[in-house]
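So the structure is just underneath, and the comments pick up after that.
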Amino acid sequence: AQKVTQAQTEISVVEKEDVTLDCVYETRDTTYYLFWYKQPPSGELVFLIRRNSFDEQNEISGRYSWNFQKSTSSFNFTITASQVVDSAVYFCALSEAGQGAQKLVFGQGTRLTINP
Amino acid sequence: SAVISQKPSRDICQRGTSLTIQCQVDSQVTMMFWYRQQPGQSLTLIATANQGSEATYESGFVIDKFPISRPNLTFSTLTVSNMSPEDSSIYLCSVDRGQPGGEQFFGPGTRLTVL
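Structure, rendered in structure tokens:
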């Protein structure tokens, strides 16, 4: 069965610090997809990134970067030089290929607070 | 990405009543998904709605409690029936690109409080 674990329930840092959000997943499929979503206080879910299981290249987008390591079943998310606007709940999610519909399994989320 | 709207954005309901939540997408999509997010919790998939067929429910969710309609390729409704305080949650609909492993885009959610 699929499972996503975000062990960090809450993280609080001071603005401009770097912060890494951990995500560990479990799946029996060899083809799967990993996602990160941001949920700011307003409540909407914002898509950040998608990775498939065959692409282990790390990705950088501005201050955001993602480290995908199949050997440890991890897909960690780092924010560099954090800003107050980064404060949100961040969810890691997993979906398995096949069977048509893509069921997203979410982790419990990490509440990130950036203090000025 | 798709633009998704939901109505109502929030509601306060009495125990034992039902509420129907609407989800409208600005483009035709094959699959629509309904999620529940209980207070302070993660998102859990309720069901997948495919136009022209019965919705597929996840374990723990039943059609009698959460009937879903999908009359066309841009619209779906979720009804929360015979509500109790435990149904107080945010209900979100989402759509995907219709390709394997595609990201899902979410509506703004309906914040439901049951008294």
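Which chain is which? The protein sequence lines are A and B, in order. Read in order, the letters of the first sequence correspond to residues 1261 to 1376 in the working numbering. Read in order, the letters of the second sequence correspond to residues 17 to 131 in the working numbering. We put the CB at the ideal spot given by N, CA and C, even for glycine. The structure displayed is predicted, hence computed values, not measured ones.
For residue i, three-class secondary structure by DSSP
i	result
Lys1363(A)	coil
Asp1289(A)	coil
Glu102(B)	helix
Lys23(B)	strand
Val1279(A)	strand
Thr36(B)	strand
Val132(B)	There is simply no residue 132(B) to check, as chain B begins at 17 and stops at 131 in what is shown.
Thr90(B)	coil
Asp1346(A)	helix
For residue i, the first and last residue of its enclosing beta strand (DSSP E)
i	result
Arg1310(A)	1306 to 1312
Glu1316(A)	Unbroken run through Glu1316(A): none, as it is neither H nor E.
Asp49(B)	In the sequence as presented, Asp is not what sits at residue 49(B); that position holds Phe. 47 to 53 is the span of the beta strand (DSSP E), which, as asked, contains Phe49(B).
Ile1225(A)	Nothing in the structure corresponds to residue 1225(A), since chain A is present only between 1261 and 1376.
Distance, residue j Cα to residue i Cα
i	j	result
Glu1304(A)	Thr1287(A)	27 Å
Ala65(B)	Ile84(B)	7 Å
Ile28(B)	Val130(B)	6 Å
Glu119(B)	Pro101(B)	32 Å
Glu1319(A)	Glu1356(A)	21 Å
Pro1376(A)	Asp1346(A)	11 Å
Assumed close pair residue i, residue j - CB separation to whole angstroms, cut-off 8 Å
i	j	result
Thr1373(A)	Tyr1350(A)	Actually they are not in contact, since the Cβ atoms of Thr1373(A) and Tyr1350(A) sit about 11 Å apart, beyond 8 Å.
Asp1278(A)	Ala1348(A)	In fact, because the Cβ distance is near 16 Å, the residues do not count as touching under 8 Å.
Tyr1292(A)	Ala1353(A)	That belief does not hold up - the Cβ atoms of Tyr1292(A) and Ala1353(A) are roughly 11 Å apart, past 8 Å.
Leu94(B)	Tyr107(B)	6 Å
CB contact below 8 Å: residue i versus chain A
i	result
Glu70(B)	no
Ser58(B)	yes
Neighbour flag for residue i against chain B, beta carbons, 8 Å
i	result
Arg1323(A)	no
Phe1337(A)	no
Tyr1350(A)	no
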